[in-house]
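Engineer: Take the sequence shown: its letters are residues 1 to 142, numbered as in the UniProt record's numbering.
Quick one: the structure is below, questions incoming.
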Amino acid sequence: MSAGFLGFMTEGISTALAFRHLEGGPRVRAIQRHGWVQVASTVCIALGFLVIYTNKANNGKQHFTSLHGKVGNINTWLAVATPVGGIFSFRKLGLITCLPEPWHPFIKWLHRCLGLLTWMLALVTVQLVLPHKAIMQVGRIW
1 MSAGFLGFMT EGISTALAFR HLEGGPRVRA IQRHGWVQVA STVCIALGFL VIYTNKANNG
61 KQHFTSLHGK VGNINTWLAV ATPVGGIFSF RKLGLITCLP EPWHPFIKWL HRCLGLLTWM
121 LALVTVQLVL PHKAIMQVGR IW
């Protein structure tokens, strides 16, 4: 999950900021690159979630009991919802034309806001797990 949130998602946001000033073909290619980086992010996050969920189930532990688990669950759902806005926002795919024209700027704005919120919440979620006993054991080795 860390690779998804802190690696690929950070890169995806950086590419999104970089293409804001571009026009035409270069902008479309930059948006496509942003999309593929975010696909990698979403796959890493989903696989990480699956591994953690399965591990807890196999060890008979409760899910989403800690603050890290609860905030992380919200963050994971945001990480799934945000790309949906991105898919609708990308005109080349044509899905945004299914929605009324006055909604288009709002959909794009919502995608940007949810993306930033998801990334910022990921930073908080990472901080919440640091005092956990498993992390502290690794910290003592360093």
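Note that the Cβ used here is the ideal one computed from N, Cα and C, for glycine as well.
Under DSSP, the alpha helix (DSSP H) around LEU114 begins and ends at which residues?
Structural biologist: 104 to 129
Engineer: I want to see whether chain D comes within less than 7 Å of VAL37, judged by CB atoms only; does it?
Structural biologist: Among the chains in the structure shown there is no chain D, since it carries only a single protein chain.
Engineer: Considering only the beta carbon of each residue, do THR42 and PRO83 sit closer than 7 Å?
Structural biologist: For THR42 and PRO83, yes; Cβs fall inside 7 Å.
Engineer: Under 8 Å Cβ to Cβ from LEU114, same chain only, skipping five residues before and after it: list those, please.
Structural biologist: Here the set comprises LEU78, ALA81, THR82, GLY85.
Engineer: Rounded C-beta distance between PHE88 and ILE45? I'm assuming under 8 Å.
Structural biologist: Actually they do not touch by this definition, with Cβ atoms about 20 Å apart.
Engineer: Can we say the region 64 to 79 touches the region 100 to 112, given the rule of at least three CB pairs closer than 8 Å?
Structural biologist: no
Engineer: Label MET136 either buried or exposed according to how many other C-beta atoms from any shown protein chain fall within 10 Å of its C-beta, with 16 as the threshold for buried.
Structural biologist: exposed
Engineer: Please go through the same chain and pick out, in chain order, the residues whose beta-carbon is closer than 8 Å to the beta-carbon of residue 144, but skip the five residues on each side of it.
Structural biologist: No answer is possible for residue 144: the residues shown for the chain start at 1 and end at 142.
Engineer: When the Cα atoms are used, what is the spatial distance from PHE8 to LEU130?
Structural biologist: 21 Å
Engineer: Is DSSP giving GLU101 helix, strand or coil here?
Structural biologist: helix
Engineer: Is it buried or exposed for GLY35, if we count other Cβ within 10 angstroms and need 16 for buried?
Structural biologist: buried
Engineer: Report back the beta-carbon spacing between TYR53 and HIS68 to the nearest angstrom; my notes put them in contact at under 8 Å.
Structural biologist: At roughly 14 Å, the Cβ-Cβ gap does not stay under 8 Å, so TYR53 and HIS68 are not in contact.
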